[in-house]
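Per this note's numbering, the very first residue in the sequence shown carries number 16; after that it's consecutive. Below is one structure, written out as C-alpha cells, with a few remarks after it.
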Amino acid sequence: AIAPFDAYVRSNILLASEYPHILQQLKNSQTQTAESFQKMISRFRKKKQEWFYTITRYPDLMHKLATLPSKQTEEDIYKLLPHQDPDLKEAAWRLYKSEKKNLIKLDNVRISANKEFEKSISHLNGRAREAFNQLQTKPDVLTLLTNNIELTARLGEHYKNNPSEVTNQLASLHDKLELQNERDAAAFKKQLESDPKAMQELRQASNAYGANSYYNNPYYYPYSYWFGYPYWYSYPMWYPGMFWYSPGFYFGVGGLYGLPSYGFTFWFYNGGYYTRYPNLYRQFGVYYQNNITRVSTTVTTANRGFMNVATSYYRPNSRIGTSSPFSYNRPSSAMHTNHITPIGRTNMNTYHTPSWGRGSSFGGAVGGGFHGGFHGGRH
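Structure representation (C-alpha cells):
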C-alpha cells in the first residue's frame, strides 16, 4: 500500500510513522471534525450538501467567504475563486448568499482542527513537521496511516531501527511494481492490437469520454482530511478531478500506451456506454477474466482502477481487496445486464506482496498489509 507512492511521499510516510501517538491525535480530531460537519449538513438536501463538500476542498476560499462583508455581488464572489469551474461558482455563491452563518461555523471548525494539528507537531524537528504538513495535503495517505495505527507503529519502529533497510526495500518494491505496470500495459496493448475493431472502438470511446464536460475536470483540489469525502461515493474519492480527468491511456507514435483509468472504466460500464462498443466490451471482458483468475499477481496499481470497476460489474458480490490505495466498495449504481459468463470464485480480499523480510516480525505490512485505510473519510 505504501510502495506505489513516489520517494518523497514514502519518506514522509516513514517519518510520520515514528510518531503513532500524533497520528492517533489527528485521527481523534478528524473524527470529531467530520461528525460536527455531518451534523451540520445532514438536514440539507443532497445538492446543498454537495456545495458544502465542494467548499471544503478550498480552505482559503472558505475563509474568505466566511469573513466577507454581506451584500457582495455574484461577480464579486467569482473574482475570489481559484478557477471558474461551474460547480465551484455555484457552491461559492449559493453558500455565501444563503448559508453565511454555517460557512462561518464550518470555517471555525476548520481553524480549530488546524490549530490542534499545529500544536500536535510543534515539538517535532523541522523535517518531521514538514512530513506531517505534506501528508495533510494528501488526505488519502494520511487516512491510510491514521486508520491503521498499529501497523503504522510497527512500520515506524522498524524504520527507526533499520532506516536504510526499510527505505531500500520500499524502493525495490516500488521498482518491481513499476515494472509490473509496464508489463500489464504491454499485455493490454497486445490484446487490443489483435482486434482492430476493438482498437478502433477504444479510440472512439476515448474521444467520447473526453468530450463529456462532467469528466473533463482538470482541477485536483482534494477533499479535506478533516471533513472527509462525500458519503455517497462508494469509492474513496478524495481527488475528484484526478480520477475523472484522464482516461488512463493514450495513443502515440508507437500505438496504445497505458491502461483504462477508474474514471474511464466507470463511465464505460456504469454509464451504459459499453452497449455502443461491442468489440471493445468483449475484449474488456476477456482482459478481466484473464486477470481476475490470477488476481494475486496481476492486480497492480496500473490496472486496479479497471479491475475494481469491472469486478463491481461482472461480480457484484465481490470486490478487489482493500489493501491498495486504489481500492473501493462497489458502486450501488452498477449495471449488471448482459454479463459475460461468470468465472470461478476467486479470493478477492487479499493483495499479496513480498513479505518485509526473512525473520522480520513486521511481515508484509509495507507491501500490502494496510487494509481499508482509504475509507476513513466517510462518516
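Even for Gly, the Cβ is constructed at its ideal location relative to N, Cα and C.
Item, Value
"Close beta carbons around Leu295, own chain, < 7 angstroms, minus the five adjacent residues each side", "Ala213, Glu216, Leu217 and Ala220"
"Chain-order list of residues whose beta-carbon lies under 6 angstroms from that of Tyr15 (same chain, five-residue window excluded)", "This structure does not reach residue 15, given that the chain is present from 16 up to 394, and the question cannot be answered."
"Same chain, Cβ closer than 6 angstroms to Leu118, neighbours up to 5 away in sequence not counted", "Leu80, Ala81 and Leu110"
"Residue interval of the alpha helix (DSSP H) (run including Gly300)", "Pro293 to Ile307"
"Given Tyr238 as reference, the closest of Met77, Ser261, Ala223 and Gly286 once Cα atoms are compared", "Met77"
"Gln64 versus Leu96 - alpha carbon distance", "19 angstroms"
"Cutoff 8 angstroms: Met252 Cβ touching any chain B Cβ", "No chain B is part of this structure, which consists of one protein chain only."
"Where Glu180 sits in the DSSP three-state scheme", "helix"
"Leu194 in three-state terms, based on DSSP", "helix"
"Member of Thr280, Thr152, Tyr244 and Asn323 whose CA lies at the smallest distance from the CA of Ser261", "Thr280"
"Helix, strand or coil at Leu83 [DSSP, three-state]", "coil"
"The stretch 316 to 331 in contact with the stretch 297 to 305 per 3-pair CB rule at 8 angstroms", "yes"
"Backbone CA spacing between Asn162 and Lys42 [nearest angstrom]", "8 angstroms"
"Contact set for Arg25: own chain, Cβ-Cβ below 7 angstroms, skip 5 residues either direction", "Ile17 and Leu185"
"contact_flag[the stretch 50 to 65, the stretch 117 to 134] where n(CB pairs < 8 angstroms) is 3 or more", "yes"
"Option in Gln195, Thr290, Leu38 and Ser137 with minimal Cα separation from Glu165", "Leu38"
"Inter-residue spacing [alpha-carbon to alpha-carbon] between Arg72 and Pro211", "43 angstroms"
"Distance CB(Ala168)-CB(Ser44) smaller than 8 angstroms", "no"
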